[in-house]
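Per the working numbering, the very first residue in the sequence shown carries number 5; after that it's consecutive.
Note that the Cβ used here is the ideal one computed from N, Cα and C, for glycine as well.
Treat the numbers as computed from the prediction; the structure is a model and nothing was measured.
Before any comments, here is the structure.
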Amino acid sequence: KTLQILEDYSLQTSDHTYRVPVIVEKSTKVRVPDLDERKYLAPSDLTVGQFYFLIWKRIHLRPEDALFLFVNNTIRPTSAVMGQLYEDNHEGDYFLYVACSDESVYGK
5 KTLQILEDYS LQTSDHTYRV PVIVEKSTKV RVPDLDERKY LAPSDLTVGQ FYFLIWKRIH
65 LRPEDALFLF VNNTIRPTSA VMGQLYEDNH EGDYFLYVAC SDESVYGK
């Protein structure tokens, strides 16, 4: 499986050097709908707030519904850019993992 992930990363980034590979996963016991897509190539200058809005729209949440994005069990500032977040937090398989939850505490 790791080899397939590395191959996916190589294919995704070869033509998109200014983008970062992101995998979005739902936290356990989350009441939000499933995402239609888990893998994204986010522009490196995209803010966390903009990425949040993209995910929020893809899940088709109502305005009153809450959604929280976590990187390494921490909610990041909405002004942070995805490129720096990737550099600081990507895993050994070269993907940035983002967990989404409808609770403001990871793992609840």
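Distance, residue j Cα to residue i Cα
i       : j       : result
Thr-51  : Leu-89  : 10 Å
Lys-5   : Ala-46  : For Lys-5, the predicted structure reports a pLDDT of 46, less than 50, and the residue's modelled location is therefore unreliable. The matter cannot be settled from this model.
Glu-107 : Tyr-22  : 32 Å
Gly-87  : Leu-65  : 26 Å
Phe-72  : Val-26  : 16 Å
Pro-67  : Glu-41  : 21 Å
Leu-58  : Val-85  : 14 Å
His-94  : Leu-100 : 4 Å
Val-24  : Asp-38  : 22 Å
Tyr-98  : Lys-30  : 19 Å
Tyr-56  : Gly-96  : 24 Å
Asp-92  : Val-102 : 13 Å
Contact check, residue i vs residue j, beta carbons under 8 Å
i      : j       : result
Phe-74 : Ser-105 : yes
Tyr-44 : Val-34  : no
Assumed close pair residue i, residue j - CB separation to whole angstroms, cut-off 8 Å
i      : j      : result
Ile-79 : Val-36 : That pair is no contact at about 16 Å.
Gly-53 : Thr-82 : 3 Å
Residue i CB to nearest heavy atom of the ligand SAH below 7 Å
i      : result
Leu-73 : This structure lacks the ligand SAH, and indeed carries no ligand of any kind.
Candidates the options: closest to residue i by CA position
i      : options                   : result
Asp-69 : Glu-91, Asn-76 and Trp-60 : Trp-60
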